[in-house]
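Enquirer: Dumping the structure here so I can ask a few things about it.
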Amino acid sequence: MKTLRTLATATLFGLTGLPVLADAMTLYKDPNCGCCAAHAEHLRENGYEVEIVETYDLATVNKEAGIPIGQQGCHTALIDGYAISGHVPADILSRFLSERPEAIGLSLPGMPMGAPGMGDDPEAELDVVMIDAEGTALPYPAE
């Protein structure tokens, strides 16, 4: 029994001694942006653990993450080796993370009305893009 408990603890904490949280992300946002906090709440409601880091230098965060200037949203999250820029819906994010494509991440550029945190309209047509490993934006289908 002790061996089983030790194995379970080792699995939970991994080699680093820190808890393994596959759905934990760090979301970088401007301190004055309320829609970003609303999007973080949407992600939490869908099972993600979201740590918010407020910054006035989101341009540097995006540059270091590899999000091209024309594809940036109003906030950027880092999760599981990917960058997620803007109000990407949780269901699309979950599918992307399960597929594990060779990519920088996803983006919903700008601040489109109807997106989670921007009115939450489930009928809104949102043009989510995948930023491939070379930095090219490609349409990422909702389904």
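Taken in order, the sequence shown gives residues -22 to -1, 1 to 121; the numbers are from mature numbering (1 follows the signal peptide of the UniProt record, and there is no 0). Don't be surprised by glycine CBs; every beta carbon is placed ideally from N, CA and C.
(1) What does DSSP give as the partner residues of K7 in its beta bridges?
(2) Using the Cα positions of A61 and A120, report the straight-line distance between them to the nearest angstrom.
(3) Which residue or residues does DSSP assign as beta-bridge partners of G88?
(4) Which of the three DSSP states, helix, strand or coil, is assigned to L104?
(5) Where do the N-terminal and C-terminal ends of the beta strand (DSSP E) with I62 fall, by residue?
(6) For G83, which three-state DSSP category applies?
(7) Taking DSSP as the reference, what is the three-state secondary structure of E23?
(8) Determine, using beta carbons only, whether L5 and I45 come nearer to each other than 8 Å.
(9) When you compare the CB positions of A92 and D99, do they come within less than 8 Å of one another, or not?
(10) Cβ of G95 within 8 Å of Cβ of A16?
(11) Can you give the Cα-Cα distance for A102 and A43, rounded to whole angstroms?
(12) Buried or exposed: where does N10 fall if 16 or more other Cβ atoms within 10 Å of its Cβ makes it buried?
(13) Here's a check: name, in chain order, each residue in its chain whose Cβ is nearer than 8 Å to the Cβ of D8, leaving out the five neighbours to either side.
(14) Out of E80, M3 and Q50, state which residue places its alpha-carbon closest to the alpha-carbon of A111.
Expert: Let me spell this out:
(1) E32 and H53
(2) 18 Å
(3) G51
(4) coil
(5) Y60 to G64
(6) strand
(7) helix
(8) no
(9) In the sequence under discussion, the amino acid at residue 92 is Gly, which differs from the Ala named in the question. Their beta carbons are under 8 Å apart, which means G92 touches D99 by this criterion.
(10) yes
(11) 27 Å
(12) exposed
(13) C14, E32, T33, Y34, L36, C52 and H53
(14) E80
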